[in-house]
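Let me begin by presenting the structure, written as structure tokens, before commenting on it.
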Amino acid sequence: MRTVAIYRLLYGSDFIAESLASIYPHVERILCYIGHEMFGGRRIINYFGHDVYLPHDIDGVTTAIQNWKDANDTEDKVRLLPNPHATLLKGQLQAMINGEVIPRYDPTHILMVEADEVWHENTITTLFDVAQNTDADEIMAAACHLFWRSYKYCSTRTNPYAVMRALKGRKSIGPTGHALGSAGNDVTRHRDDRLKIHNFGFAASERTIFWKHMTALSFSRDVKLDSPPREEWFEEVWRPWNGVSNRRTDLCPSIGYEDAFAPAVDYPFEQLPALMQRRIRTNPLPDWVQLHQRESAPIPQETP
Numbered sequence: 102m103r104t105v106a107i108y109r110l111l112y113g114s115d116f117i118a119e120s121l122a123s124i125y126p127h128v129e130r131i132l133c134y135i136g137h138e139m140f141g142g143r144r145i146i147n148y149f150g151h152d153v154y155l156p157h158d159i160d161g162v163t164t165a166i167q168n169w170k171d172a173n174d175t176e177d178k179v180r181l182l183p184n185p186h187a188t189l190l191k192g193q194l195q196a197m198i199n200g201e202v203i204p205r206y207d208p209t210h211i212l213m214v215e216a217d218e219v220w221h222e223n224t225i226t227t228l229f230d231v232a233q234n235t236d237a238d239e240i241m242a243a244a245c246h247l248f249w250r251s252y253k254y255c256s257t258r259t260n261p262y263a264v265m266r267a268l269k270g271r272k273s274i275g276p277t278g279h280a281l282g283s284a285g286n287d288v289t290r291h292r293d294d295r296l297k298i299h300n301f302g303f304a305a306s307e308r309t310i311f312w313k314h315m316t317a318l319s320f321s322r323d324v325k326l327d328s329p330p331r332e333e334w335f336e337e338v339w340r341p342w343n344g345v346s347n348r349r350t351d352l353c354p355s356i357g358y359e360d361a362f363a364p365a366v367d368y369p370f371e372q373l374p375a376l377m378q379r380r381i382r383t384n385p386l387p388d389w390v391q392l393h394q395r396e397s398a399p400i401p402q403e404t405p
């Protein structure tokens with residue numbers, strides 16, 4: 102197998118180091134496509150009547166990748182590249198793979214990774230075992246452990262999605278949807294219940310979650326490219342949530358799908374990827390520390 106991993110990034114510095122480390126031994130190249138524009142191309146978001154401007158660099162993800170590369174990329178696998186297709190919602194992966202990845206790197210397989218995904222060491226091994234023993238065009242993750250507010254709490258996304266594509270000698274792929282999966286029915290798919298990915302996207306820093314919400318408001322609500330999100334979600338749902346006194350369950354940001362995410366439940370520390378266990382012990386997000394301090398504080402009592 103010659104596997105090329107692809108990231109497409111607008112932000113994601115919180116967990117990119119652990120994400121890169123989790124896939125590094127298994128792939129031949131890691132292509133980090135950095136964009137500075139939102140899906141749909143807008144640069145201004147109206148938020149409760151105020152215009153919010155997208156910064157050129159949301160959270161320093163380019164610097165975070167470069168720092169990791171300088172310290173860890175002993176085999177020179179990581180490439181930082183501009184994303185010329187950053188504003189495309191559909192067909193973005195098709196354009197990348199056909200225009201750059203296949204002609205330049207000639208892979209047998211494509212692995213799609215998000216900056217917030219940290220692969221468990223057993224799961225990534227299983228993925229590559231499956232890839233070597235299936236004739237399917239796409240390998241689907243069965244579920245996603247969707248961490249909520251911190252590593253202590255986890256919801257679950259159960260809709261399967263493509264994480265790996267076998268090219269089988271093809272010099273191009275057909276149209277893709279929002280991510281790596283084919284937009285048509287021209288491929289065979291393999292779903293494996295062992296492939297459950299750890300995604301920390303909703304356990305990121307407050308800064309990152311704010312901009313995640315802003316970009317969703319832009320391309321989903323304003324450009325109408327996806328289900329529109331609840332404008333108040335960041336301030337009223339995500340930000341005040343805690344596991345002791347405010348364990349609300351309407352977690353999904355999208356209007357009409359508020360209960361699409363399963364309620365967040367306690368997640369066993371020992372089942373986290375080893376890389377995340379080490380991160381938590383040595384360098385936890387300050388946002389996690391603050392949340393856990395609030396949870397351990399006495400709950401104010403009403404005065405008679």
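Per our numbering, the sequence shown starts with residue 102, numbered consecutively.
Idealized CB from N, CA, C, for every residue including glycine.
Just so it is clear, the structure is predicted and the values come from calculations on it, not from any experiment.
Tell me whether the beta-carbon of Ile166 lies closer than 8 Å to the beta-carbon of Leu111. Residue mapping note: residue 166 aligns to position 65 of the sequence shown, counting from 1. Residue mapping note: residue 111 aligns to position 10 of the sequence shown, counting from 1. No. Outside cutoff.
For Thr309, which residues from the same chain have a beta carbon less than 8 Å from its beta carbon, with the 5 sequence-adjacent residues on both sides left out? By 1-based counting over the sequence shown, the position of residue 309 is 208. Here the set comprises Tyr112, Gly113, Ser114, Asp115, Ile159 and Asp160.
Excluding the 5 residues flanking Arg395 on each side, which residues of the same chain have their C-beta closer than 7 Å to its C-beta? To locate residue 395, count along the sequence shown from 1; it is residue 294. Excluding residues within five positions, the ones whose Cβ falls inside 7 Å are Asn343.
Secondary structure at Ala304, three-state DSSP: helix, strand or coil? In the sequence shown, residue 304 corresponds to position 203, counting from 1. The answer is coil: DSSP assigns Ala304 none of H, G, I, E or B.
Look at the Cβ atom of Val179, then the Cβ atom of Ile117, and state whether they are nearer than 8 Å. The residue given as residue 179 occupies position 78 in the sequence shown. The residue given as residue 117 occupies position 16 in the sequence shown. Cβ distance not < 8 Å, so Val179 and Ile117 don't count as in contact.
C-alpha gap between Pro385 and Arg144, whole angstroms: What you label residue 385 is simply residue 284 of the sequence shown in a count that begins at 1. What you label residue 144 is simply residue 43 of the sequence shown in a count that begins at 1. Approximately 32 Å between the Cα atoms of the pair.
Helix, strand or coil for Asp367? Go by DSSP, reduced to three states. Sequence index remark: in the sequence shown, residue 367 carries index 266 (1-based). DSSP places Asp367 in strand when its eight states are reduced to three.
Which same chain residues, not among the five before or five after Tyr134, have their C-beta less than 6 Å away from its C-beta? Walking along the sequence shown from the start, residue 134 turns up at place 33. Closer than 6 Å at Cβ, skipping near neighbours: Arg109, Leu182 and Asn184.
Under the rule that 16 or more other beta-carbon atoms within 10 Å means buried, what is Tyr262, buried or exposed? Working through the sequence shown from its first residue, we reach residue 262 at position 161. Flag for Tyr262 reads buried.
Considering Trp389, what are the terminal residues of the alpha helix (DSSP H) in which it resides? Reading the sequence shown from its first residue, position 288 is the one you call residue 389. Where Trp389 is concerned, the enclosing alpha helix (DSSP H) stretches over Pro387 to Ser397.
His299 - partner residues in DSSP beta bridges: If you number the sequence shown from 1, residue 299 lands on position 198. In the DSSP output, where bridge partners are listed per residue, His299 has Val219 and His246.
Report the CB separation of His210 from Met139 in whole angstroms; it is logged as a contact under 8 Å. As a working mapping, residue 210 is identified with position 109 in the sequence shown. As a working mapping, residue 139 is identified with position 38 in the sequence shown. His210 to Met139, Cβ: 29 Å. No contact.
Can you list, in chain order, the residues of its chain whose CB lies under 8 Å from that of Pro387, leaving out five sequence neighbours each side? Indexing the sequence shown from 1 puts residue 387 at position 286. Hits under 8 Å: Ser306.
Ordered along the chain, which non-local residues of its own chain (more than five positions away) have a Cβ less than 6 Å from that of Pro364? Counting from 1 along the sequence shown, the entry for residue 364 is found at position 263. Answer for Pro364: Thr350, listed in chain order.
What span of residues does the beta strand (DSSP E) with Leu376 cover, start to end? Against the sequence shown, residue 376 aligns to sequence position 275. Counting along the chain, Leu376 falls outside any beta strand (DSSP E), though it belongs to the alpha helix (DSSP H) covering Ala375 to Thr383.
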